[in-house]
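>
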Amino acid sequence: MLTAGLILMEDPPAHDVHDLMTELLEAELVDDTGVTRRLSNDEVLTYVMLLAGAGNETTTRLIGWTGKLLGEHPDQRREVAADRSLVPGAIEEVLRYEASSPVQARVTSRPVEHHGQSLPEGTIMVLLNGSANRDERHFVDADRFDVHRDIDHHQSFGYGLHFCLGAALARLEGRVALDEVLNRFPDWEVDWDGAKQAHTPNVRGWERLPVVAG
Ligand code: HEM
2 MLTAGLILME
12 DPPAHDVHDL
22 MTELLEAELV
32 DDTGVTRRLS
42 NDEVLTYVML
52 LAGAGNETTT
62 RLIGWTGKLL
72 GEHPDQRREV
82 AADRSLVPGA
92 IEEVLRYEAS
102 SPVQARVTSR
112 PVEHHGQSLP
122 EGTIMVLLNG
132 SANRDERHFV
142 DADRFDVHRD
152 IDHHQSFGYG
162 LHFCLGAALA
172 RLEGRVALDE
182 VLNRFPDWEV
192 DWDGAKQAHT
202 PNVRGWERLP
212 VVAG
């Protein structure tokens, strides 16, 4: 368990470090009873757990999808290997084409209307952002994987208030991973006999995706 060895102090010593953890420990908020206070230990630890889960599993899946898609499109992989300026666009297209977090959930906090449908307060909604990434009204020939695609914005990191906090880091990790793999193995094929999809409630990708380097 991540929290096992982590003990938070009631009043952490002041130090001149400005990172997310320090911000969490030092933040003051007015809670829903009107009291100004710091986050409780449980609240900080819950957020740390969220970060650890949100930041690890998703990027691992992104790298798996990159291996699969560029394994299936050797011509595009060779183009990217020869011209690394294509790496960011390739990662963006992998993100669009195979959303590793393809479903989000919401509960309406007030009555709303969407596409002519009225929804009362308290309605549970499932948002299919992975499907929106293949919407033909927004992406021409949406089911085609194309590292040259000009993507203004996809839905893989969500949208609006809860837009992914780690999107920039995730993109960077994907780009570095692809660049480094291409340095070592510009050619590969997926070994489908050894591949296994991961089964989790909300994240989609590969538990194992062995490849044979060319
Ligand atoms: C390919 C990698 C990633 C994908 C596909 C992804 C996807 C998403 C999506 C779809 C959401 C919105 C959830 C919603 O609307 O309910 C989200 C939120 C979030 N993500 Fe990511 N994420 C990735 C990487 C990361 C990384 C690396 C971090 C942190 C190190 C991170 C931290 C978070 C956090 C904290 C939120 C909640 C933001 C909020 O509710 O305000 N994610 N992510």
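Take 2 as the starting number for the sequence shown in our numbering and just add one per residue.
Just so you know, even glycine gets a beta-carbon here, dropped at the ideal spot from N, CA and C.
1. Grab me the residues of residue 64's own chain with a C-beta within less than 7 Å of its C-beta, minus the 5 sequence neighbours each way, in chain order.
2. Tell me whether residue 86 sits in a helix, a strand or coil according to DSSP, three-state version.
3. State yes or no: is the C-beta of residue 110 nearer than 6 Å to some heavy atom of ligand 1?
4. Compute the beta-carbon to beta-carbon distance between residue 29 and residue 38, rounded to the nearest angstrom, for a pair I have assumed lies under 8 Å.
5. Near residue 111, what residues of its chain come up, given a Cβ to Cβ distance below 7 Å and the 5 sequence neighbours on each side ignored?
6. Measure the CB-CB distance between residue 62 and residue 204 and report whether it falls below 7 Å.
7. Closer than 6 Å to a non-hydrogen atom of ligand 1 - does that hold for the CB of residue 166?
8. Grouping DSSP H, G and I as helix and E and B as strand, with all else coil, what is residue 37?
9. Curious, which full-length beta strand (DSSP E) runs of at least 3 residues does the region 87-153 contain?
10. Going straight from the alpha carbon of residue 83 to that of residue 202, what length do you get?
11. Taking all protein chains shown into account, decide if residue 125 is buried (16 or more other Cβ within 10 angstroms of its Cβ) or exposed.
12. Is the closest heavy atom of ligand 1 to the C-beta of residue 91 under 6 Å?
13. May I ask which residues mark the beginning and end of the beta strand (DSSP E) holding residue 212?
14. Apart from the five residues just before and just after residue 17, which ones in its own chain have a Cβ nearer than 7 Å to its Cβ?
15. Taking 6 Å as the limit between beta carbons, can you name the residues of its chain near residue 91, skipping five residues before and five after?
16. Within 10 angstroms of the Cβ of residue 5, are there 16 or more other Cβ atoms? Answer buried if so, exposed if not.
17. Is the region 99-109 close to the region 129-146, with three or more CB pairs under 8 Å?
18. Are at least three pairs of beta-carbons, each pair with one atom in the region 183-201 and one in the region 69-79, less than 8 Å apart?
19. Note down, in chain order, each residue of its chain lying with its Cβ closer than 7 Å to the Cβ of residue 208, except the 5 sequence neighbours on either side.
Short version:
1. The residue you call residue 64 lines up with position 63 of the sequence shown. Here the set comprises 175 and 178.
2. The count along the sequence shown starts at 1 and reaches residue 86 at position 85. Helix.
3. In the sequence shown, residue 110 corresponds to position 109, counting from 1. Residue 110 Cβ: outside cutoff for every heavy atom of ligand 1.
4. Residue mapping note: residue 29 aligns to position 28 of the sequence shown, counting from 1. Residue mapping note: residue 38 aligns to position 37 of the sequence shown, counting from 1. That pair is a contact at about 7 Å.
5. Taking the sequence shown and counting its residues from 1, the one referred to as residue 111 is at position 110. So the qualifying residues of the chain are 122.
6. The sequence position of residue 62 within the sequence shown is 61, counting from 1. The sequence position of residue 204 within the sequence shown is 203, counting from 1. In this structure, residue 204 lies closer than 7 Å to residue 62 by Cβ.
7. For the purposes of this step, residue 166 is taken as the residue at position 165 of the sequence shown. Correct: residue 166 has its Cβ closer than 6 Å to ligand 1.
8. Walking along the sequence shown from the start, residue 37 turns up at place 36. Note: residue 37 maps to strand in three-state DSSP.
9. 105-108, 113-115, 118-120 and 125-128
10. In the sequence shown, the residue the question calls residue 83 occupies position 82. In the sequence shown, the residue the question calls residue 202 occupies position 201. Each residue's alpha carbon lies about 38 Å from the other.
11. The residue you call residue 125 lines up with position 124 of the sequence shown. Result: exposed.
12. On the sequence shown, residue 91 is found 90 positions in, with the first residue counted as 1. Outside the cutoff, so no.
13. Numbered from 1 along the sequence shown, position 211 holds the residue referred to as residue 212. Looking at the DSSP string, the run of the beta strand (DSSP E) that includes residue 212 is 212-214.
14. Taking the sequence shown and counting its residues from 1, one reaches residue 17 at position 16. Answer for residue 17: no residue qualifies.
15. For this step, residue 91 is matched to residue 90 along the sequence shown. Same-chain partners within the cutoff: 81 and 148.
16. Locating residue 5 in the sequence shown gives position 4, where the first residue counts as 1. Because the pLDDT at residue 5 is just 42, under 50, the model does not fix this residue reliably, and the point stays unresolved.
17. yes
18. yes
19. Taking the sequence shown and counting its residues from 1, one reaches residue 208 at position 207. Same-chain partners within the cutoff: 197, 198 and 199.
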